[in-house]
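Numbering (the working numbering), first residue to last: 48 to 230.
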């Protein structure tokens, strides 16, 4: 692993992994009812602090994405194999969570399926996807920036959970009391 590997555009760069995810995620969103998409991206009920910390995390994430796009995949190396395993696991978790989310009416909290094991499986999946892509490129700086973004995005999760508690009340509080935030 290099802290900053040689950066260049290429056909076998980390962008391939990110493009696969974003294309399938975009297709998923196009096939979702509008109330579900609105619920997915709602910031209703967030405090100013949660909103600011989430916004601070975005440049870290964008820098990580930029580095992954410009970094060649370390095909044939242990970094590539291990990164691909993290990526694949995250991909599966993310899409299982999204389909469960879509199957739940917009006026109800999502508490079934994979959500019985994590209150935020979409975030767990997304973390594994981006970590896996950066690791498959062997880019230490991208990984470092990624973890910086994850730290700030934790506040986004707190805002989402606070909004769900305000919206769904006691059933969501019971859910919080029985299911861990991440895993």
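Note that the Cβ used here is the ideal one computed from N, Cα and C, for glycine as well. Fair warning: this is a prediction, and the values are worked out from it, not measured in the lab.
- Around the beta-carbon of residue 167, 16 or more other beta-carbon atoms lie within 10 Å, marking it buried.
- Between the C-alpha atoms of residue 50 and residue 188 there is a straight-line separation of about 5 Å.
- In this structure, the straight-line span from the alpha carbon of residue 130 to that of residue 193 is close to 14 Å.
- Residue 86 is not a Cβ neighbour of residue 180, given a cutoff of 8 Å.
- Counting every other CB atom within 10 Å of its CB across the protein chains shown gives residue 119 a total of 16 or more, marking it as buried.
- Excluding residues up to 5 positions away in sequence, 54, 55, 56 and 60 lie with their Cβ nearer than 7 Å to the Cβ of residue 117 in the same chain.
- With contacts defined as CB atoms closer than 8 Å, residue 148 and residue 83 qualify as a contacting pair.
- Annotated three-state conformation of residue 60 is strand, per DSSP.
- When DSSP states are grouped into helix, strand and coil, residue 167 belongs to the coil group.
- Remark: fewer than three beta-carbon pairs, one from each stretch, lie closer than 8 Å, so the region 92 to 103 and the region 137 to 147 are not flagged as touching.
- Going by C-alpha positions, residue 122 is about 10 Å away from residue 185.
- Taking a contact as a CB-CB distance under 8 Å, the pair residue 229 and residue 171 counts as one, their CB atoms being some 6 Å apart.
- With contacts defined by Cβ atoms closer than 8 Å, residue 169 and residue 144 form a contacting pair.
- One Cα belongs to residue 197, the other to residue 90, and the distance between them is close to 18 Å.
- Under the DSSP assignment, residue 197 falls in the alpha helix (DSSP H) whose first and last residues are 187 to 215.
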